[in-house]
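Q:
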Amino acid sequence: MGPKKMLFALDAFSGPLFGGILIALALVFMIQGHRKIKLLTFFMGAAVGFQGSSLIFPYVTEFLPGWTPEEFLFVSSFISGVVLLLLIGVASKLITIFISLQLMLFIVGNLENRGIDIGNQFAGGLMVIFAFIVNRFMRKNLYLIGSAGLGSLMGISGFLIFSGEVPSQMELTQGTNGLIFFALFINSILMQKVDQRKHDAVKEQMTFEKEHHAETDVHGRGRVMDQDILTTAYHSERLERRSSYEDYLY
81 MGPKKMLFAL DAFSGPLFGG ILIALALVFM IQGHRKIKLL TFFMGAAVGF QGSSLIFPYV
141 TEFLPGWTPE EFLFVSSFIS GVVLLLLIGV ASKLITIFIS LQLMLFIVGN LENRGIDIGN
201 QFAGGLMVIF AFIVNRFMRK NLYLIGSAGL GSLMGISGFL IFSGEVPSQM ELTQGTNGLI
261 FFALFINSIL MQKVDQRKHD AVKEQMTFEK EHHAETDVHG RGRVMDQDIL TTAYHSERLE
321 RRSSYEDYLY
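In my numbering, each residue carries its 1-based index in the sequence shown increased by 80.
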């Protein structure tokens, strides 16, 4: 099923209720998506499986003898949630690639319109350095950027559907909607950065309190012996190899 057919299939759900649900999900994605994107994705996939199980079950009964509709409902919901959860990493990477490509094209177009020759070595070198910095930032903030993009698209879609438009007739990234998407995307990144700092501060405080409690416990509960030099060097080498391998993959 192509994207256009999927949009036509969603026309049956268009209305204020569906639009309101999309807006609510968009707010969660845009504010706390960087740490809840996996959980939300699983529940969204489970909801798709829940809705589709009643349509699929009559066609698979002969292949699943002895299965009840309730059993098929549970299994299809769980499998749909897991499949969408596995795909969210790919979707986030595709969104970050799309955003970085659009950003580079926008910058190159503006520079050429101002008469700057991108083909010379100096400008080309600057563009390579800029592209490297952008890609590195996006790799480190994959889920943050992916959730910001998904949340912005869902927010625009939810508002348009709530206003009476149908999914098959929407243009999400053209004209005014494109500017709204860009504004929502930037604001989502800023809000998630604030939430990320608060979340990291809370985790750091909890870790500090746990270590302090272990150090001050009169019975020595929670304490561990310090690692010797060889063990520390071994773990450091493993971490360096793992980091190098991850950099190679990305």
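The beta-carbon is built from N, C-alpha and C at its ideal position, and this holds for glycine as well.
Suppose you measure from the CA of L191 to the CA of I117; what does that come to, to the nearest Å?
A: Taking the first residue of the sequence shown as position 1, residue 191 is located at position 111. Taking the first residue of the sequence shown as position 1, residue 117 is located at position 37. Cα to Cα, L191 sits roughly 36 Å from I117.
Q: Give the single residue among R216, L120 and G238 whose Cα lies nearest to the Cα of G95.
A: Taking the first residue of the sequence shown as 1, we reach residue 95 at position 15. Nearest option by C-alpha distance: G238.
Q: Go ahead and label M286 buried or exposed: buried means 16 or more other beta carbons lie within 10 angstroms of its beta carbon, across all protein chains shown.
A: Translated into positions along the sequence shown, residue 286 becomes position 206. Exposed, by the Cβ-count rule.
Q: Compare the beta carbon distance of S180 and V208 with 8 Å and say whether it is the shorter of the two.
A: For the purposes of this step, residue 180 is taken as residue 100 along the sequence shown, with counting starting at 1. For the purposes of this step, residue 208 is taken as residue 128 along the sequence shown, with counting starting at 1. It is not a contact, given that the beta carbons lie outside the stated cut-off.
Q: What three-state label does DSSP hand V108 in the structure shown?
A: Reading the sequence shown from its first residue, position 28 is the one you call residue 108. In this structure, V108 counts as helix in the three-state DSSP scheme.
Q: Around the C-beta of Q272, are 16 or more other C-beta atoms found within 10 angstroms, so that it is buried, or is it exposed?
A: Along the sequence shown, one-based indexing puts residue 272 at 192. Buried, because 16 or more other Cβ atoms sit within 10 Å of the Cβ of Q272.
Q: Which value, in whole angstroms, describes the spacing of the CA atoms of F154 and L166?
A: Here residue 154 refers to the residue found at position 74 of the sequence shown. Here residue 166 refers to the residue found at position 86 of the sequence shown. F154 and L166: Cα-Cα distance of roughly 19 Å.
Q: From S243 to I236, what distance separates their C-alpha atoms?
A: The count along the sequence shown starts at 1 and reaches residue 243 at position 163. The count along the sequence shown starts at 1 and reaches residue 236 at position 156. Roughly 11 Å separates the two Cα atoms.
Q: Using 8 Å as the cut-off, can you tell me whether the segment 275-284 makes contact with the segment 137-154, which would need three or more C-beta pairs spanning the two stretches below that distance?
A: With a cut-off of 8 Å, the segment 137-154 and the segment 275-284 do not count as touching, because too few Cβ pairs lie within range.
Q: Could you check the C-alpha separation between L121 and G226 for me, to the nearest Å?
A: Mapped onto the sequence shown, residue 121 falls at position 41. Mapped onto the sequence shown, residue 226 falls at position 146. Here the sequence assigns Thr to residue 121, which means Leu is not the residue at that position. Rounded to the nearest angstrom, the two C-alpha atoms are 12 Å apart.
Q: Please indicate yes or no: does the CB of G132 lie closer than 7 Å to some heavy atom of the ligand MN?
A: Absence of the ligand MN is noted for the structure shown, with no ligands found whatsoever.
Q: Going by the CB atoms, is the gap between L97 and M234 shorter than 8 Å?
A: Within the sequence shown, the letter at position 154 stands for residue 234. Within the sequence shown, the letter at position 17 stands for residue 97. No. Outside cutoff.
Q: For the alpha helix (DSSP H) that contains L144, what are its first and last residues?
A: Residue numbering aside, residue 144 sits at position 64 when the sequence shown is read from its first letter. L144 -> no alpha helix (DSSP H), and no H or E assigned at all.
Q: Output yes or no for whether 8 Å exceeds the beta carbon distance between S156 and G125.
A: Reading the sequence shown from its first residue, position 76 is the one you call residue 156. Reading the sequence shown from its first residue, position 45 is the one you call residue 125. Not in contact: S156 and G125 (Cβ atoms no closer than 8 Å).
Q: Report the residue from N221, S160 and L102 whose alpha carbon sits nearest the alpha carbon of R115.
A: Position 35 of the sequence shown holds residue 115. That would be N221, whose Cα lies nearest to the Cα of R115.
Q: Give a yes or no on whether 8 Å exceeds the smallest Cβ distance from I269 to chain C.
A: In the structure shown, chain C cannot be found, because there is only a single protein chain.
Q: Rounded to whole angstroms, what is the Cα-Cα separation between D275 and A228?
A: Indexing the sequence shown from 1 puts residue 275 at position 195. Indexing the sequence shown from 1 puts residue 228 at position 148. D275 and A228: Cα-Cα distance of roughly 13 Å.
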